[in-house]
Structure formats: structure tokens, C-alpha cells
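Residue numbers for the sequence shown follow our numbering, beginning at 49 and rising by one.
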Amino acid sequence: MHVIELEARQLDRSMRDDVRKTGKRPRDAFTDMISSIPKKFKSADTQADVVLNVPSFESVRRQLSRHRAERCIPVPDPLDIPAPLRTTLRGREADDDCPYKDERFLLYTGQQGMCTIRFIVSV
Numbered sequence: 049m050h051v052i053e054l055e056a057r058q059l060d061r062s063m064r065d066d067v068r069k070t071g072k073r074p075r076d077a078f079t080d081m082i083s084s085i086p087k088k089f090k091s092a093d094t095q096a097d098v099v100l101n102v103p104s105f106e107s108v109r110r111q112l113s114r115h116r117a118e119r120c121i122p123v124p125d126p127l128d129i130p131a132p133l134r135t136t137l138r139g140r141e142a143d144d145d146c147p148y149k150d151e152r153f154l155l156y157t158g159q160q161g162m163c164t165i166r167f168i169v170s171v
């Protein structure tokens, strides 16, 4: 297999891995991959060859969306938030003896659990 094809496959794999691990949006991951090509390859001819061997966004869009969906927790009803999303990251990763263990996210104790947001508009 040609070196350029191997480099293009490696870029594709790292893009998919980035979406899978971080939950990055597919379009952003693809854009980051394409913008990283000039940083990795200095020769214009090599850059052109790599771009020709990298899959197009339309050909990988659905696959990247599936990778992202595995990481994201679906919320079918916004009034019934799933338990994993009700706990902060600090609360999930805290030790058992830590006071922040299972810390709730966006817990409002005042105004009967409602949050009041006021906007001040100055002209």
C-alpha cells in the first residue's frame, strides 16, 4: 500500500476516534482533520495526494454521527432528564468519601426549584 494512502487512513482513523472519545460534532471533526493536513505535510504535492485519498464528508457523515451517538445520552423528554445527566462530571468521578460524590447538576433550591433569569437591556 502506498504511503500516502496509509497517511490518509491514519487521518481518517484519528478523526473517527476523536468523535468517538470526545463526542465532537462530525462536521467539526472533519474540518479539523482537513485543516491538519498542511501542518503534517509540507509539500503541496503531498498535501494534494493526501486530500485525494481522504474520504469526503458526505461519505463518512452517517458513520461519524453513529460514533457520536454512542457517546451521547439520548434525552427523549426534556422534563425527565436521565440519571447520568443529572450528576456533574465532578460528582461522577469523585471518590466515595468526597463530599461532591453524586453532586447534582443545576440544582436550584430557591423559587420552588425554578431559576429566574433576568436580562438587562440598555440602549
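We treat Cβ as the ideally placed atom computed from N, Cα and C, and that holds for glycine.
DSSP puts residue i in a beta bridge; with which residues?
i           : result
residue 134 : Note: residue 134 sits in no beta bridge, so no partner.
residue 152 : 135
Leaving aside the five residues before and after residue i along the sequence, list all residues of the same chain whose C-beta is less than 8 Å from its C-beta, in chain order.
i           : result
residue 62  : 81
residue 112 : 63, 64, 67, 74, 77, 78
residue 86  : 95
residue 97  : 52
residue 99  : 82, 85
I believe residue i touches residue j by the beta-carbon criterion, under 8 Å. Please report the beta-carbon distance rounded to the nearest angstrom.
i           : j           : result
residue 60  : residue 102 : 6 Å
residue 138 : residue 151 : 6 Å
Using 9 Å as the threshold, is the C-beta distance between residue i and residue j below it?
i           : j           : result
residue 88  : residue 55  : yes
residue 140 : residue 132 : yes
Please find out if some non-hydrogen atom of the ligand NAD comes closer than 8 Å to the beta-carbon of residue i.
i           : result
residue 126 : Only the bare structure without any ligand can be found here, which leaves the ligand NAD out of the picture.
Here's a check: name, in chain order, each residue in its chain whose Cβ is nearer than 7 Å to the Cβ of residue i, leaving out the five neighbours to either side.
i           : result
residue 115 : 64, 67, 68
Quick one: residues in its chain with C-beta nearer than 6 Å to the C-beta of residue i, no 5 flanking neighbours on either side, listed in chain order?
i           : result
residue 72  : 66
residue 142 : 148, 149
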